[in-house]
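These notes are about the structure you will find just below.
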Amino acid sequence: MNNAIMDMVDKANQKEEAPKFEIGDTVDVHSKILEGNKERVQVFTGVVIGRSGQGSREMFTVRRIVAGEGVERKFPVHSPRIEKVEVKRSGVTRRAKLYFLRDRVGKAVRLKERRRV
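Residue numbers (my numbering): 81 to 197.
Here you go:
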């Protein structure tokens, strides 16, 4: 009974078209930002280094390098603040979490590109 209610609430809060991307993909995350009365879209570009959770609570972590410093940001997949997620390139990975990229610098951060058929 309790799980059925949780599933109904979960489905009501999910997006119809969930973005399709995988770990290792370089993505542009278009998120809405409120500044006073105005709303604008800000783009955060980086590599998806992990996904966690399930259902409406699913999150993904995007990492990029800004001025020589690594910046990570977590986004909810089904948030109404996320306008869209564009996949720029796909990377070949063999694991679910790419936390090892945090210790790498320069060209070592790059992932081999996946060929699309």
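Every residue gets a Cβ at the ideal spot worked out from N, C-alpha and C, and that includes glycine.
Quick caveat: nothing in here was measured; it's all calculated off a predicted structure.
ask   = Touch check for the region 106-117 and the region 89-96: three-plus C-beta pairs under 8 Å?
value = no
Expected contact under 8 Å - CB spacing of Ser111 and Gln122 to nearest Å = Translated into the one-based positions of the sequence shown, residue 111 becomes position 31. Translated into the one-based positions of the sequence shown, residue 122 becomes position 42. About 6 Å separates the two Cβ atoms, so the contact holds.
request  = Look up Asp87 in the DSSP assignment and say whether it is helix, strand or coil.
outcome  = Residue numbering aside, residue 87 sits at position 7 when the sequence shown is read from its first letter. The answer is helix: DSSP assigns Asp87 an H, G or I state.
message = Between which two residues does the beta strand (DSSP E) holding Phe155 run?
response = As a position in the sequence shown, residue 155 is number 75, starting the count at 1. Run containing Phe155: Glu149 to Pro156, per the beta strand (DSSP E) assignment.
request  = Determine the closest residue to Ser136 out of Arg143, Thr106, Lys154 and Ser159, with distance taken between C-alpha atoms.
outcome  = Position 56 of the sequence shown, counted from the start, is the residue given in the question as residue 136. Ranking the options by Cα distance to Ser136, first place goes to Ser159.
query = Do Val127 and Ile162 have their C-beta atoms closer together than 9 Å?
reply = Here residue 127 corresponds to residue number 47 of the sequence shown, with the count starting at 1. Here residue 162 corresponds to residue number 82 of the sequence shown, with the count starting at 1. No, these two residues do not count as a Cβ contact at 9 Å.
request  = Taking the CB atoms as reference points, tell me whether Phe180 and Arg153 lie closer together than 9 Å.
outcome  = Along the sequence shown, one-based indexing puts residue 180 at 100. Along the sequence shown, one-based indexing puts residue 153 at 73. Not a contact, by the Cβ cut-off of 9 Å.
key: Secondary structure of Phe101, DSSP reduced to three states   = One-based indexing of the sequence shown puts residue 101 at position 21. If DSSP states are grouped into helix, strand and coil, Phe101 belongs with coil.
ask   = Per DSSP, which one or two residues make a beta bridge with Thr173?
value = The count along the sequence shown starts at 1 and reaches residue 173 at position 93. DSSP, once it has assigned bridges, lists no residue as partnering Thr173.
query = For Phe155, which of Ala176, Met139, Pro99 and Arg169 has the nearest alpha-carbon?
reply = In the sequence shown, the residue the question calls residue 155 occupies position 75. Out of Ala176, Met139, Pro99 and Arg169, Met139 has the C-alpha closest to the C-alpha of Phe155.
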